[in-house]
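Just below is one structure, and these are the notes that go with it.
Protein chains: 2
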Amino acid sequence: MKKSIKKKMTDKFIETCKAFGLKITPQRITIYREVLNSFDHPSAEAIYRKIKEAHPNISFDTVNRTLLTFAEMGFLQIVEGSGDVRRFDPNAEPHHHLRCKQCGAIIDFYYKKYNQLDIPEEIKEKFSVNRIRVVLEGICHRCQDHTNRREAPFVSARVPLRGR
Amino acid sequence: MKKSIKKKMTDKFIETCKAFGLKITPQRITIYREVLNSFDHPSAEAIYRKIKEAHPNISFDTVNRTLLTFAEMGFLQIVEGSGDVRRFDPNAEPHHHLRCKQCGAIIDFYYKKYNQLDIPEEIKEKFSVNRIRVVLEGICHRCQDHTNRREAPFVSARVPLRGR
DNA sequence: TTACTAATTAGTTGTTATTCCTATTTAATA
DNA sequence: TATTAAATAGGAATAACAACTAATTAGTAA
């Protein structure tokens, strides 16, 4: 008998949680299912509201904390830059950004090739583009030196992900 | 006698303010100078702290409001995504984002070319990249329909930029 | 210059997003 | 089944911003 896709995904989720040393709680499974069915880049608040309908006892903190944990595990990503304080960029030259996930540094870089990227026709028709930017996310030199902590999904198992 | 670069920039600033129908206040000139000298994508708070040393009476609200006005005028930009609530992205496929500056919508799109961008050698040496993403900022179809408001720097002069 | 007027400001108060704290509960293991 | 460390709910604290209002000031036109 074949497993449903849903079942398979949940199995993989459970397996990965175990590899990270995380307990399988009903809350985590619920949040996992809800977020995987989202196609609109929801906020923690939005996910919390949806889940609350079926599970009125769940707390916002649990939803938010769990989502951050999932991001560290690599189950989902955080939309580039969102959640940061607003930052201003006085650089008028066409340029692109390096973002360090660890320390939050944003570093300008220049690369002509990136300034000349073509935009797909379907997008031109439906969206008026007035800025095109390439964002490279990773770990900056300084942070690489300071710690050897690897990023998900290469984090070694059994290291607490988000200690308080 | 040649004008200094600083003077020239301030002249251009004053000229542009006038074109937008904005008054030239000492606060605006101070904030303009401070932000133009920043190379680290400062937050409003950071700029406020720096300015406060020399102008202890300035208020945070003025700094923040002025920076937003400058962004609308096109004197500076807001770093992609910063200032938004944190948003999660469960899409594991390599993909890119369209961001509507007006309504805040984030729309996924797929374009193979963008997945194969090469990374400059200098960056590879100093930064470990684990995500590359292209962000197209502009105005989505829906918002184009709703209003004809043009974006800076094409805003017509004498239209209040950030009315209360 | 001086007087006028609307824009701008400082200071304060709200609001919202997010994190922190702690007592209680629960999943995993023996 | 008992143990224990992790996870949770709920509330409090914090931080980033935005909104409000009375007082001040820049721009202008006499």
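Residue numbers (the numbering used here), protein chains in the order written: chain A, 37 to 200; chain B, 37 to 200. The beta carbon of each residue, even a glycine, is placed where N, CA and C say it ideally should be. These numbers come from a predicted model, not from an experiment.
Fully contained in the stretch 126-159 of chain A are the following beta strand (DSSP E) runs of length 3 or more, in chain order: 132-136 and 142-145.
Restricted to the stretch 50-102 of chain A, the alpha helix (DSSP H) segments that are unbroken, complete and at least 4 residues in length are 62-72 and 80-90, listed in chain order. In the structure shown, residue 178 of chain B adopts helical secondary structure according to DSSP, grouped into three states. Residue contact with chain A for residue 116 of chain B: present (Cβ-Cβ distance below 9 Å to some residue of chain A). Contact annotation: residue 172 of chain B and residue 131 of chain B have beta-carbon atoms that are not nearer than 9 Å.
Our two residues, residue 117 of chain A and residue 140 of chain A, have alpha carbons roughly 9 Å apart in a direct line.
Interface flag for residue 81 of chain A against chain B is set, since a Cβ pair is found closer than 9 Å. The secondary-structure analysis by DSSP pairs residue 118 of chain A with nothing; it has no beta-bridge partner.
Note on geometry: alpha-carbon atoms of residue 143 of chain B and residue 67 of chain B lie some 34 Å from one another. Taking residue 97 of chain B as reference, the option from B:77, B:64 and B:123 with the minimal CA-CA separation is B:64. The CB of residue 120 of chain B comes closer than 9 Å to the CB of 79, 115, 117, 118, 119, 120 and 122 in chain A, given here in chain order. Among the residues facing chain A, residue 128 of chain B is included, as its CB has a counterpart in that chain under 9 Å away. Cβ atoms of residue 166 of chain A and residue 174 of chain B come within 8 Å of each other, at about 5 Å. Taking a Cβ-Cβ threshold of 8 Å, none of the residues of chain A is close to residue 131 of chain B; the smallest such distance is about 10 Å. Taking 9 Å as the cut-off, the Cβ atoms of residue 153 of chain B and residue 71 of chain A do not count as close.
Our two residues, residue 123 of chain B and residue 136 of chain B, have alpha carbons roughly 15 Å apart in a direct line. Approximately 14 Å separates the beta-carbon atoms of residue 114 of chain B and residue 99 of chain B; this is outside 8 Å, ruling out the contact. Interface criterion not met: the Cβ of residue 57 of chain B is under 9 Å from no Cβ in chain A. In the structure shown, residue 172 of chain B adopts extended strand secondary structure according to DSSP, grouped into three states. With respect to chain A, the C-beta atom of residue 74 of chain B has a partner C-beta closer than 9 Å. Interface flag for residue 47 of chain B against chain A is unset, since no Cβ pair is found closer than 9 Å. In chain order, 162 and 163 make up the part of chain B whose C-beta sits under 7 Å from the C-beta of residue 177 of chain A.
Among the CB atoms of chain A, none fall inside 9 Å of the CB of residue 44 of chain B. Beyond the five residues adjoining it in sequence on each side, residue 179 of chain A comes within less than 7 Å, by CB distance, of 136, 138 and 139 in the same chain, given in chain order. Take residue 88 of chain B, set aside five residues on each side of it, and the residues of its chain with a beta-carbon closer than 8 Å to its own are 94, in chain order. Interface with chain A (9 Å Cβ-Cβ cutoff): residue 41 of chain B is excluded.
Residue contact with chain A for residue 180 of chain B: present (Cβ-Cβ distance below 9 Å to some residue of chain A).
Comparing alpha-carbon positions, the option among A:58, A:164, A:161 and A:157 lying closest to residue 106 of chain A turns out to be A:58. Distance between residue 148 of chain A and residue 120 of chain B, taken at the CA atoms: about 29 Å. Residues of the stretch 86-117 of chain B with a C-beta less than 9 Å from any C-beta of chain A: 100, 103, 104, 106, 107, 110, 111, 112, 113, 114, 115, 116 and 117, listed in chain order.
The shortest C-alpha to C-alpha distance from residue 162 of chain A to any of B:81, B:177 and B:150 is the one to B:177.
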